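Trainee: To get the numbering used here, take the position in the sequence shown, counting from 1, and add 6.
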Amino acid sequence: CEKPTDWKALAASLTIDRSVGEVDWLVPGPSAALRAVDAFTSRLNLFVDKRNDPCTNALSDLSPYLHFGQLSAQRMALKVKARCGPGDKASLDSFLEESIVRRELSDNFCFYQPHYDSLKGAAGWARDSLELHASDKRPHIYSLTQLEAAKTHEDIWNAAQRQMMITGKMHGFMRMYWA
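#1: Taking A83 and I106 to be in contact with their CB atoms under 8 Å, please state how far apart those CB atoms are, rounded to whole angstroms.
#2: Buried or exposed, going by whether 16 or more other CB atoms sit within 10 Å of the CB of F46?
#3: Given this structure, state the Cα-to-Cα distance separating R49 from K175, to the nearest angstrom.
#4: Counting Cβ pairs, one atom from each stretch, are 3 or more of them under 8 Å apart for the stretch 32–40 and the stretch 70–82?
#5: Please specify which runs of the alpha helix (DSSP H), each continuous and at least 4 residues long, are wholly inside the stretch 40–123, giving them in chain order.
#6: Could you check what DSSP says for S199 in three-state terms: helix, strand or coil?
#7: Within 10 Å of its beta-carbon, does D94 have 16 or more other beta-carbons around it, so buried, or fewer, so exposed?
#8: Where Q119 and R109 are concerned, what is the direct C-alpha to C-alpha distance, given to the nearest angstrom?
#9: Over the uninterrupted alpha helix (DSSP H) stretch that includes Y183, give me the two end residues.
#10: S97 to N51, Cα distance in whole Å?
#11: For Q152, is the classification buried or exposed, using 16 other Cβ atoms within 10 angstroms of its Cβ as the cut-off for buried?
#12: Please state the DSSP three-state secondary structure of G174.
#13: For a test of the three-state rule: what should DSSP assign to I162, helix, strand or coil?
#14: Mark D115 as exposed unless 16 or more other C-beta atoms lie within 10 angstroms of its C-beta, in which case mark it buried.
#15: Short of 8 Å in beta carbon distance, which residues of its chain neighbour N164, apart from the five on each side in sequence? Order them along the chain.
#16: Quick check on L136 - is its C-beta less than 9 Å from some C-beta in chain C?
What follows is the structure, given as structure tokens:
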């Protein structure tokens with residue numbers, strides 16, 4: 007017979023920064039996930055034109071629910087599609103492409119590419135470009151501490167990093183901007 011898991015001992019054994027507070031902008035659970043889908047569909051028309059504008063609330067904010075299994079991608083897609091109005095087709099298509107197609111491509115890449123988590127898994131042209139520019143002079147070089155503390159010369163980076171530190175999330179376009 008297996009010994010039951012001691013969850014308290016397991017949690018105590020983890021190296022966790024306990025000074026980080028709970029996220030307060032997101033209510034967890036499947037019911038909250040469905041309410042978040044409804045809230046997003048009410049602003050779906052903004053998605054196609056405003057999703058890359060960090061000053062506009064045009065994103066779905068559904069990623070945590072998908073990530074932690076509180077909402078299935080299929081249920082999300084069907085619910086958004088069902089509530090889509092006649093003027094929302096471009097936004098719907100864009101949302102589904104980003105939330106389903108790109109997500110599945112990423113999952114498949116990680117499944118089929120044994121080196122998905124290292125430069126070995128990158129395309130040859132990407133590795134070549136990194137090698138070609140490895141010795142380029144950098145105008146600014148920051149420590150991890152400076153980057154984490156949003157102490158750079160780049161106001162947009164600092165703002166995005168502060169958003170991450172304060173809310174626990176960073177706008178999707180800002181994440182891609184520096185990727």
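For every residue, glycine included, the Cβ atom is placed at its ideal position computed from N, Cα and C. These numbers come from a predicted model, not from an experiment.
Mentor: Well, looking at it:
#1: 6 Å
#2: Result: buried.
#3: 20 Å
#4: yes
#5: 53–56, 69–73, 79–89, 95–102, 108–118
#6: No information on residue 199 is available, as it lies outside the stretch 7 to 185 that the chain covers here.
#7: buried
#8: 15 Å
#9: Note, Y183: alpha helix (DSSP H), 178–183.
#10: 6 Å
#11: exposed
#12: coil
#13: I162 carries a helical assignment under DSSP once its states are collapsed to helix, strand and coil.
#14: The question names Asp, but residue 115 in the sequence shown is Phe. With fewer than 16 Cβ atoms within 10 Å of its Cβ, F115 is classed as exposed.
#15: Excluding residues within five positions, the ones whose Cβ falls inside 8 Å are A156, K157, T158.
#16: Considering every chain present, this structure includes no chain C. It has just one protein chain.
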